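Notes follow the structure.
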Amino acid sequence: MHNAQSRILVVDDDPTVAEVVTGYLERAGYEVEHVGDGPAALRAAGARRPDLVVLDLMLPGMDGLEVCRTLRGAGPVPVIMLTARGDEEDRVLGLEIGADDYVTKPFSPRELVLRVDSVLRRSRAAAARPGPPVARAGLVLDPAARRAVKQGTELALTLREFDLLAYLMSHPGEAVTRERLMREVWGWEFGDLSTVTVHVRRLRGKVEDDPAKPRLIQTVWGVGYRFEEPEGPVRAGEQV
187 MHNAQSRILV VDDDPTVAEV VTGYLERAGY EVEHVGDGPA ALRAAGARRP DLVVLDLMLP
247 GMDGLEVCRT LRGAGPVPVI MLTARGDEED RVLGLEIGAD DYVTKPFSPR ELVLRVDSVL
307 RRSRAAAARP GPPVARAGLV LDPAARRAVK QGTELALTLR EFDLLAYLMS HPGEAVTRER
367 LMREVWGWEF GDLSTVTVHV RRLRGKVEDD PAKPRLIQTV WGVGYRFEEP EGPVRAGEQV
C-alpha cells in the first residue's frame, strides 16, 4: 500500500467508468473519492484538497474544463483529464488550462494508474529535491518555493509549466528535443508530443514580451526548442 498517503479525486458521471477507475486506483494503494459532477468535485476539493484529480471532460452542467480552471484558481493540484478519442481540440484546451495529462476513452485502467503514478512521482520529486534558484534573461526561478518571477512580477505557472521552464533554463543555448522534454519533464518514455507543443505555447504566452515573436524559448525546426538569453537586437523567433 505504498500509495496510501495519496488521495485521488475521481470526477466522472458514468458510474461504470468510475467504478472501474476507483477499483484499480484503490488496488494500487490510493485513497479514492468519487463524485459525479463539477459542483460536487469543487465541494470535495474545498473540503479536503486531493493530491491528484482524475477529471472527465464531458460532465453534466459544469464541464471538465470549467472544473479544471476553477480548481487551478484555488491552488496547484495535478489533473489528469479523461477525454473522448476524437476530441483533440478539447484535449488541447485542457492542457492549456493546466491539465498535466490526459487519457482517451476507451482506455486501459492499468494505463491510467501508470499515468497517475507518473504525475505524482514527478510532483513529489520536484518538491523533495528542489534545485538552486536560477536567474536568466530577466526571469528568476526558485524551485524550492515553486515561484517564477519576471522583472519583479510573479508568473502564474501550472506545475508542469514551471517544470518545463526550469528544465529549459537549466540548459541554456541547448537544442532540446520534444522527446527529451517528454522524458525529463513528464517522466514518460512514450506519449503524445503535442502535449509538449501545447505547454511550450502556453508558457510563451506567460514569459515572452511578444509570444508571436518569442526571444527566450525558440523553436529549433526539426528538433525541438532552445532557451536563449537575448543579446543586442531582437531576433525573430518562431511560433510553435
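For the sequence shown, the residue numbers in the numbering used here are 187 to 426.
Ideal placement from N, C-alpha and C gives every residue a C-beta, glycine not left out.
Just so it is clear, the structure is predicted and the values come from calculations on it, not from any experiment.
Span separating the alpha-carbon of residue i from that of residue j
i	j	result
residue 247	residue 357	44 angstroms
residue 250	residue 354	30 angstroms
residue 264	residue 303	11 angstroms
residue 421	residue 204	Its pLDDT being 43, under 50, residue 421 is placed unreliably in this model, and the value from its coordinates should be taken loosely. Distance between the alpha carbons of residue 421 and residue 204 is about 50 angstroms.
residue 318	residue 334	13 angstroms
residue 374	residue 260	27 angstroms
residue 425	residue 393	Note that residue 425 scores a pLDDT of 43, beneath 50, so its modelled location is shaky and nothing firm can be said.
residue 423	residue 207	Low confidence applies to residue 423: its pLDDT is 42, below 50, so where it sits in the model is not reliable, and the reading given next is rough at best. One C-alpha to the other measures close to 43 angstroms.
residue 292	residue 339	43 angstroms
residue 337	residue 326	8 angstroms
residue 253	residue 196	12 angstroms
residue 397	residue 379	20 angstroms
residue 387	residue 360	19 angstroms
residue 366	residue 212	32 angstroms
residue 331	residue 226	31 angstroms
residue 391	residue 229	31 angstroms
Boundaries (first-last residue) of the alpha helix (DSSP H) holding residue i
i	result
residue 367	364-367
residue 212	201-213
residue 349	345-355
residue 253	250-259
residue 380	380-393
residue 397	Counting along the chain, residue 397 falls outside any alpha helix (DSSP H), and DSSP gives it neither H nor E.
residue 373	Element bounds for residue 373: n/a, residue is neither H nor E.
residue 233	224-233
Member of the options whose CA lies at the smallest distance from the CA of residue i
i	options	result
residue 210	380, 240 and 288	240
residue 256	236, 244 and 224	224
residue 242	379, 345, 262 and 199	199
residue 218	237, 229, 228 and 345	237
residue 235	412, 194 and 221	194
residue 201	192, 220, 212 and 382	220
Own chain, CB closer than 8 angstroms to residue i, minus 5 neighbours either side, in chain order
i	result
residue 416	323, 401 and 402
residue 289	266, 267, 268, 269, 297, 298 and 301
residue 389	343, 347, 350, 351 and 403
residue 294	none
residue 321	327
Residues that DSSP places opposite residue i in a beta bridge
i	result
residue 413	403
residue 336	325 and 339
residue 241	197 and 267
residue 278	Answer by DSSP bridge pairing: none, since residue 278 is not bridged.
residue 320	327
Residues near residue i by beta carbon distance below 7 angstroms, same chain, minus five either side
i	result
residue 287	266, 301 and 305
residue 363	409 and 410
residue 309	264 and 345
First and last residue of the uninterrupted beta strand (DSSP E) at residue i
i	result
residue 289	287-291
residue 221	217-221
Neighbourhood of residue i by C-beta, 6 angstroms cutoff - its chain only, sequence neighbours within 5 removed
i	result
residue 278	384
residue 406	361 and 412
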